[in-house]
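Respectively, the protein sequence lines represent chains A and B.
Residues in the first sequence are numbered consecutively from 621, following my numbering.
Residues in the second sequence are numbered consecutively from 63, following my numbering.
Here is the structure we will look at, set down as structure tokens.
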Amino acid sequence: NAGVTQTPKFQVLKTGQSMTLQCAQDMNHNSMYWYRQDPGMGLRLIYYSASEGTTDKGEVPNGYNVSRLNKREFSLRLESAAPSQTSVYFCASSERGNTPSYEQYFGPGTRLTVT
Amino acid sequence: GQSLEQPSEVTAVEGAIVQINCTYQTSGFYGLSWYQQHDGGAPTFLSYNGLDGLEETGRFSSFLSRSDSYGYLLLQELQMKDSASYFCAVRDGASGTYKYIFGTGTRLKVLA
Chain A
621 NAGVTQTPKF QVLKTGQSMT LQCAQDMNHN SMYWYRQDPG MGLRLIYYSA
671 SEGTTDKGEV PNGYNVSRLN KREFSLRLES AAPSQTSVYF CASSERGNTP
721 SYEQYFGPGT RLTVT
Chain B
63 GQSLEQPSEV TAVEGAIVQI NCTYQTSGFY GLSWYQQHDG GAPTFLSYNG
113 LDGLEETGRF SSFLSRSDSY GYLLLQELQM KDSASYFCAV RDGASGTYKY
163 IFGTGTRLKV LA
């Protein structure tokens, strides 16, 4: 089991460029999440998907879009990157089937710099 | 709205006991979780309290008082490898989903 995987691990973008961060989990989890973490800060939820076919905004959704491609994959897109989006991005998953799980499993993160 | 408050930094010596507090305000309460994050790493789950009282997992324990909207993480027999940031998190009661709100984290420094 690889758990939660994210690609790429590092990325540098110029202002205005677009990119998609990929996330996949192999634990058959229903819920998936995208967070950003700025230096010295906690995790802030960008978007989440409670189950396949649904997505909802989190605390800081502006400038981002998401796609729940299937049960395994949840991607995050930056359409026009801005320096304020420089951050570490974490994908996470939780909840097997109908059994509530209070544990979130996190991927290794993508370190994004926008110049 | 929902918010969580934690101390920003705690320092202790190897072998000691340290307590990291978390107070929360939520629109509905579905339990308090704790996560550990080493520098450069991903958060990893430590514990969950859904009901009042103490939960113990090895050297780590977590406590919850729902009437006081307060919880803490207790780390015993501190080791150098415990130097990390610790986050408390609550589930968003309003959404009805497993969406979590995280605190800003407490950085624990363990001194030799």
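All C-beta atoms in this analysis are idealised placements derived from N, C-alpha and C, irrespective of residue type, glycine included.
As the structure is a prediction and not an experimental result, all values here were calculated from the model.
Taking 7 Å as the cut-off, the Cβ atoms of Trp654/A and Leu696/A count as close.
The Cβ of Thr119/B sits no closer than 7 Å to any Cβ of chain A. Residue contact with chain B for Glu723/A: present (Cβ-Cβ distance below 7 Å to some residue of chain B).
Our two residues, Leu689/A and Gly729/A, have alpha carbons roughly 19 Å apart in a direct line.
For Gln99/B, the three-state secondary structure derived from DSSP is strand. Below 8 Å, too few C-beta pairs join the stretch 676-690 of chain A and the stretch 79-92 of chain B to call them touching: fewer than three.
Judged by their CB atoms, Leu94/B and Gly165/B are not nearer to each other than the 7 Å cut-off. For the alpha helix (DSSP H) assignment, the stretch 682-734 of chain A encloses no uninterrupted run of at least 4 residues. For Gly90/B, there are no C-beta contacts with chain A under 8 Å, since the nearest C-beta of that chain is about 15 Å from it. Among the residues facing chain B, Pro728/A is included, as its CB has a counterpart in that chain under 7 Å away. Distances from the alpha-carbon of Gly673/A to those of Pro681/A, Phe694/A, Asn682/A and Gly660/A put Phe694/A closest. Nearest Cα to Gly112/B within the set His100/B, Asp101/B, Trp96/B and Ala146/B: Trp96/B. By the CB criterion at 7 Å, Lys171/B and Thr73/B fall inside the cutoff. Contact between the stretch 645-661 of chain A and the stretch 74-88 of chain B is absent: fewer than three C-beta pairs spanning the two stretches fall below 8 Å.
Residue-level contact check: Leu732/A does not touch chain B, since none of the beta carbons of chain B fall below 7 Å from its beta carbon. In the three-state reduction of the DSSP assignment, Asp676/A falls in the strand class.
Secondary structure note for Arg169/B: its beta strand (DSSP E) is the uninterrupted segment Thr168 to Leu173.
Against chain B, the CB of Met647/A has no partner CB under 7 Å away; the residue lies outside that interface. Identification of chain B residues near Phe710/A by a Cβ-Cβ cut-off of 8 Å yields Ala104 and Pro105, ordered along the chain. Setting aside the 5 residues that flank it on each side, Leu665/A is surrounded in the same chain by Tyr653, Trp654, Tyr655, Gly678, Glu679 and Val680, each with a C-beta closer than 8 Å to its C-beta; the list follows chain order.
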